[in-house]
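Colleague: Protein chains in written order, with our numbering: chain G, 8 to 201; chain F, 8 to 201.
The C-beta atom is built at its ideal place from N, Cα and C for all residues, glycine as well.
Before I ask anything, here is the structure I am working with.
2 protein chains.
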Amino acid sequence: MSANGRAEMKKSRPLRADAGENLVRSLEQLKAVFVERGVDASLEEIAKRSSVGIGTLYRHFPSRAKLLAAASDEQLATVARKEAELDGLDSRLEALHLFLKELVKRTGMYHGLAAALNTVLNSDAPGCKAATDLGKRLLKGAQDASEVRSDIKFEDVVSLVGAVSLSPQKGARDPARINRMLEVIIEGLRPIQR
Amino acid sequence: MSANGRAEMKKSRPLRADAGENLVRSLEQLKAVFVERGVDASLEEIAKRSSVGIGTLYRHFPSRAKLLAAASDEQLATVARKEAELDGLDSRLEALHLFLKELVKRTGMYHGLAAALNTVLNSDAPGCKAATDLGKRLLKGAQDASEVRSDIKFEDVVSLVGAVSLSPQKGARDPARINRMLEVIIEGLRPIQR
DNA sequence: ACCTGAACACCGTTCAAGT
DNA sequence: ACCTGAACACCGTTCAAGT
Numbered sequence: 008m009s010a011n012g013r014a015e016m017k018k019s020r021p022l023r024a025d026a027g028e029n030l031v032r033s034l035e036q037l038k039a040v041f042v043e044r045g046v047d048a049s050l051e052e053i054a055k056r057s058s059v060g061i062g063t064l065y066r067h068f069p070s071r072a073k074l075l076a077a078a079s080d081e082q083l084a085t086v087a088r089k090e091a092e093l094d095g096l097d098s099r100l101e102a103l104h105l106f107l108k109e110l111v112k113r114t115g116m117y118h119g120l121a122a123a124l125n126t127v128l129n130s131d132a133p134g135c136k137a138a139t140d141l142g143k144r145l146l147k148g149a150q151d152a153s154e155v156r157s158d159i160k161f162e163d164v165v166s167l168v169g170a171v172s173l174s175p176q177k178g179a180r181d182p183a184r185i186n187r188m189l190e191v192i193i194e195g196l197r198p199i200q201r
Numbered sequence: 008m009s010a011n012g013r014a015e016m017k018k019s020r021p022l023r024a025d026a027g028e029n030l031v032r033s034l035e036q037l038k039a040v041f042v043e044r045g046v047d048a049s050l051e052e053i054a055k056r057s058s059v060g061i062g063t064l065y066r067h068f069p070s071r072a073k074l075l076a077a078a079s080d081e082q083l084a085t086v087a088r089k090e091a092e093l094d095g096l097d098s099r100l101e102a103l104h105l106f107l108k109e110l111v112k113r114t115g116m117y118h119g120l121a122a123a124l125n126t127v128l129n130s131d132a133p134g135c136k137a138a139t140d141l142g143k144r145l146l147k148g149a150q151d152a153s154e155v156r157s158d159i160k161f162e163d164v165v166s167l168v169g170a171v172s173l174s175p176q177k178g179a180r181d182p183a184r185i186n187r188m189l190e191v192i193i194e195g196l197r198p199i200q201r
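Shown next, in the form of structure tokens:
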């Protein structure tokens with residue numbers, strides 16, 4: 008019945024290409040597929056679920072990385088919105104810690120995204136850029152305050168955080184594990200005392 | 008010339024199935040392919056290069072994980088052979104540090120293996136088992152000596168080490184990066200002072 | 001100008017047939 | 001008992017044809 012209705016609409020109104028509306032709908036489905044299937048979801052399924060031809064999908068997102076960046080952009084914008092709160096903290100290391108916690112939290116729903124986190128953060132989508140800018144600034148601040156060793160690169164931290172969300176044996180989202188591993192990373196970032 | 012010779016041998020001696028010799032030859036080629044192509048190398052190519060039918064490959068190694076374990080077993084046995092040396096050290100944390108360094112070193116030649124390191128270490132191949140046993144014992148020792156926080160699991164450490172060999176932007180094997188990231192992990196493992 | 005999906009290539013996996 | 005590779009299924013990617 009409902010399927011019949013959709014078919015009729017498609018026939019009577021030949022899919023007037025409202026690019027904006029169309030893309031938004033695609034993004035919603037895109038995210039849903041990534042949530043259900045993980046970041047290795049088949050492009051075929053994404054296209055089908057997004058009601059878009061596979062060719063159109065490729066034109067909008069020439070690589071899987073672009074797709075991941077688009078799907079993650081909103082979540083990363085949310086991370087970036089923590090800026091004021093984090094800037095208000097006393098400890099720069101604590102600010103970085105909370106940033107990383109938020110990053111893992113907002114990034115965990117796409118299974119396997121962690122492995123591609125550096126790539127996604129380096130994309131030019133606005134949310135990705137904002138989160139990366141904030142993260143780099145927090146790291147720099149902690150280093151200037153001598154709370155983090157000066158030789159560490161932002162990419163090092165992101166790679167380590169990626170490992171956190173990598174499940175040990177496939178499955179099992181273990182919050183305790185995430186917490187203790189983030190603690191290890193944060194404590195390990197401190198300058199070595201001699 | 009040499010190719011011709013091989014072809015003749017194959018014809019005159021119809022590949023007498025010396026399973027042992029055959030498997031060893033396969034393993035050599037298997038490792039070569041993983042070195043050249045990374046751990047996602049196509050099974051087709053592995054079979055072809057190993058002069059084995061794809062079906063035979065599947066019978067010997069029903070999953071890619073088994074293949075990875077077989078290819079890594081010798082390297083991991085080498086890691087395990089550090090046992091005496093590491094047991095002789097004063098600091099249990101330093102022993103663990105050197106173990107992890109060795110692990111990264113012997114594991115780095117297969118691009119992408121890091122991500123599957125926990126799986127490989129958990130396989131029942133002898134070298135994998137030996138390396139895992141040693142690693143777990145070293146961690147336990149460091150914890151008993153209060154040099155490592157007691158809530159850490161061996162799998163946590165391996166996951167973090169996996170991140171180390173994960174290149175940030177594809178390519179670039181950077182020894183300095185490996186060293187500082189391993190240092191971050193080791194320092195971060197220390198019990199938190201309060 | 002934009003969209004579509006058939007068509008091609010490549011790879012994983014199984015299994016009937018061969019020795 | 002062991003090996004083989006054709007056959008099938010599935011997925012990524014391109015591009016000629018359609019609107």
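For the region 36-75 of chain G, list the alpha helix (DSSP H) runs that are entirely contained and at least 4 residues long, ordered along the chain.
Modeller: Correct list: 50-56 and 61-67.
Colleague: Does E194 of chain F pass the burial test, meaning 16 or more other C-beta atoms within 10 Å, or should it be called exposed?
Modeller: buried
Colleague: Round the Cβ separation of L173 of chain F and G169 of chain G to the nearest angstrom and send it over; I've been treating them as touching at under 8 Å.
Modeller: 7 Å
Colleague: What's the gap between the Cα of T126 of chain G and the Cα of A76 of chain G?
Modeller: 8 Å
Colleague: What residue range does the alpha helix (DSSP H) around I193 of chain F cover?
Modeller: Per DSSP, I193 of chain F belongs to the alpha helix (DSSP H) from P182 to L196.
Colleague: Let me know if V42 of chain F comes out buried or exposed under the rule of 16 or more other beta-carbons within 10 Å of its beta-carbon.
Modeller: With fewer than 16 other CB atoms across the displayed protein chains lying within 10 angstroms of its CB, V42 of chain F is exposed.
Colleague: With a threshold of 16 other CB atoms inside 10 Å of the CB of V171 of chain F, please say whether the residue is buried or exposed.
Modeller: buried
Colleague: What does the alpha-carbon distance come out to for the pair F161 of chain F and L146 of chain G?
Modeller: 28 Å
Colleague: Relative to the alpha-carbon of D163 of chain G, which residue among F:D80, F:G95, F:V111 and F:R187 has its alpha-carbon at the smallest distance?
Modeller: Ranking F:D80, F:G95, F:V111 and F:R187 by Cα distance to D163 of chain G puts F:R187 first.
Colleague: In this structure, how does DSSP classify E162 of chain F when only helix, strand and coil are distinguished?
Modeller: E162 of chain F: helix per DSSP, three-state reduction.
Colleague: Does L83 of chain G get closer than 8 Å to chain F when you measure Cβ to Cβ?
Modeller: No, because no Cβ of chain F sits closer than 8 Å to the Cβ of L83 of chain G.
Colleague: Report buried or exposed for E109 of chain G, applying the criterion of at least 16 other Cβ atoms within 10 angstroms of its Cβ.
Modeller: buried
Colleague: Do you know how far the Cα of Q36 of chain F is from the Cα of R66 of chain F?
Modeller: 17 Å
Colleague: Are the C-beta of V31 of chain G and some C-beta of chain F separated by less than 8 Å?
Modeller: no
Colleague: Can you give me the Cβ contacts of I192 of chain F inside the same chain, cut-off strictly under 6 Å, excluding the 5 residues immediately before and after it?
Modeller: Cβ neighbours of I192 of chain F beyond the five flanking positions: L167.
Colleague: Give the residues of chain F in contact with E194 of chain G, contact being defined as C-beta atoms less than 8 Å apart.
Modeller: E194, G195, R197 and I199
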